[in-house]
Amino acid sequence: MLVRPTHRRFTPARLALVVAAGLLAASTAACSAVSDAVSVGGGSSSGASAGSSSSSPTPQPAELVITPKDGAAGVKPSSLVTVSARSGTIEKVSVRDAKGHAIDGDLTDGVWKATQRTKPATSYTVQVSAKGVDGTPSTERTTFKTLTPKTVATYSMPYTGSTVGVGMPATIQFDSQVTSKAYRAQVQKSISIKTSPKTAGSWGWLDNRQLMWRPKSYWKPGTKVTITADLTGVQTGPSKWVANNLTGGFTVGSSTISYVNLATHEMRVTQNGRTLRTVPISAGQDRMPYITRSGTKVIIEKQPSVIMDSATSGVPKGSPDYYREKVDWDLRLTWTGEYIHSAPWSVYAQGRANVSHGCVNVGPSNAIWMYNLSKPGDVVKFTGSSRQFLPTEGIGVWQYSYSQWKQQSALA
14 MLVRPTHRRF TPARLALVVA AGLLAASTAA CSAVSDAVSV GGGSSSGASA
64 GSSSSSPTPQ PAELVITPKD GAAGVKPSSL VTVSARSGTI EKVSVRDAKG
114 HAIDGDLTDG VWKATQRTKP ATSYTVQVSA KGVDGTPSTE RTTFKTLTPK
164 TVATYSMPYT GSTVGVGMPA TIQFDSQVTS KAYRAQVQKS ISIKTSPKTA
214 GSWGWLDNRQ LMWRPKSYWK PGTKVTITAD LTGVQTGPSK WVANNLTGGF
264 TVGSSTISYV NLATHEMRVT QNGRTLRTVP ISAGQDRMPY ITRSGTKVII
314 EKQPSVIMDS ATSGVPKGSP DYYREKVDWD LRLTWTGEYI HSAPWSVYAQ
364 GRANVSHGCV NVGPSNAIWM YNLSKPGDVV KFTGSSRQFL PTEGIGVWQY
414 SYSQWKQQSA LA
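With this note's numbering, letter number 93 in the sequence shown gets 106, and the count goes up by one each step, no holes.
Here it is, written out as structure tokens:
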């Protein structure tokens, strides 16, 4: 039997459906291809983006300038340590020696500057904490060493802790000369004095070793005096520097002032304005070098006994005028050998004639009384001779008027 193939007939509606199905298949294939391409491309793009987001800015610590430079040697003690920032902010600065002693300083307008000088022959460490412009914290550490001078200048504050008389100046006494006015001025700028009650007065140099502050007139009894010497690192001569600070002071006791009349051979002793006793005396002979000096002197020290040797004042052994004696109840008035002391050998002349080698001779009982009454700083005023007391022969600040004394200042 012959079988003929069966042919399907498409109606217009069915044909439209078939065409639509074909277009949909093509569209789906096209979308898959685009989707795969985006997926590959997207992976590459995503990797680039991730790499960019993982990077961070470079830290920017503070940029500091520290003087003296790291490792510097032979630095002058007067060269003050400074720290500044080219960028960033300084937060803390420490400057210490090997023993941990710190140098004080101030941070002002972004710059730290020491307010103290350094010691000679000393190693220091500088440590700085800072922040950069972006806040990055940092620390920097440097070291330096100050010069070793040929001479370390030493000094003292005489009479610290004592009760003294109304004529005693506050004193800084160097063991060697402060060799120029510029050096003396720097010393003076580095010393301060406090008095209670407040007292008018002035610093002045008695000589190149002795800086003294005297009141305009004698101290008021009961005054308390405090001296502060910030002299570490101050230069006093070629290759000579101070290596320490000192603080001292004294209290002013009663006003004991004596008046010695060399012409009438008597000494009137007063305390707080009242005459206590008039004492017969014998002073220096009327020939050089024994003439007792006129002027206003101050008791330098008191000693129960002293060996007095004329060789120390230029009269040597072998001279007819040579002497060497143990003398009791001694109140020293000059570095040149003038004292008030007991002289039992000259009682016959006391009140009548000057027979001593320059000292004020008094009888033993008066000498003991005077010794017990007196203290360093008490004033003894001499009149009646043609030989004048020179300021440097003792504590001679009262040989100047106040206006003259102010001119003794290195800052005048």
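Don't be surprised by glycine CBs; every beta carbon is placed ideally from N, CA and C.
Keep in mind the model is a prediction, meaning the values are calculated, not measured.
With respect to the C-alpha of proline 251, the residue from Tyr413, Pro171 and Ala166 having the closest C-alpha is Ala166. Contact between the segment 148–164 and the segment 387–397 is not established, with fewer than three Cβ pairs separated by less than 8 angstroms. Of the other Cβ atoms in all chains shown, fewer than 16 fall within 10 Å of the Cβ of asparagine 385; this residue is therefore exposed. Under the criterion of beta carbons closer than 8 angstroms, tryptophan 226 and alanine 183 qualify as touching, at roughly 4 angstroms. Annotated three-state conformation of tyrosine 415 is helix, per DSSP. A contact between stretches requires three or more CB pairs, one per stretch, nearer than 8 angstroms, and the segment 257–270 fails this requirement with the segment 331–344. Here the alpha carbon of leucine 424 sits roughly 12 angstroms from the alpha carbon of leucine 224. Under DSSP, glycine 118 takes part in a beta bridge, and its partners are Ala127. The three-state reading of DSSP puts valine 200 in helix, counting H, G and I together. Lysine 253 and glutamine 190 have their C-alpha atoms some 10 angstroms from each other. When rounded, the separation of the alpha-carbon atoms in isoleucine 185 and aspartate 147 is 52 angstroms. Approximately 7 angstroms separates the beta-carbon atoms of lysine 310 and threonine 347; this is inside 8 angstroms, confirming the contact. Excluding five sequence positions before and after lysine 394, the CB atoms of its chain that fall closer than 6 angstroms to its own CB belong to Tyr272 and Thr309, given in chain order. By the Cβ neighbour-count rule, valine 247 is buried, with 16 or more other Cβ atoms within 10 Å of its own. If you check the CB distance, threonine 80 and valine 124 do not come in under 8 angstroms. About 6 angstroms separates the Cβ atoms of methionine 170 and leucine 259, confirming a contact at the 8 angstroms cut-off. Between alanine 75 and serine 100, the C-beta spacing is below 8 angstroms.
Comparing C-alpha distances from aspartate 243 to each of Ser307, Ser151, Ala256 and Ser359 shows the shortest one belongs to Ala256. Rounded to the nearest whole angstrom, the CA to CA distance from lysine 132 to glycine 87 is 12 angstroms. Of the candidates Val328, Thr264, Pro293 and Ser332, the residue whose Cα lies closest to the Cα of threonine 176 is Thr264. For asparagine 221, no alpha helix (DSSP H) run applies, since DSSP gives it neither H nor E.
Take threonine 128, set aside five residues on each side of it, and the residues of its chain with a beta-carbon closer than 7 angstroms to its own are Asp117, Gly118 and Asp119, in chain order. Sequence-distant partners of threonine 155 (beyond 5 residues in either direction) whose C-beta falls short of 6 angstroms from its own C-beta, in its chain, are Ile79, Asp83 and Val139.
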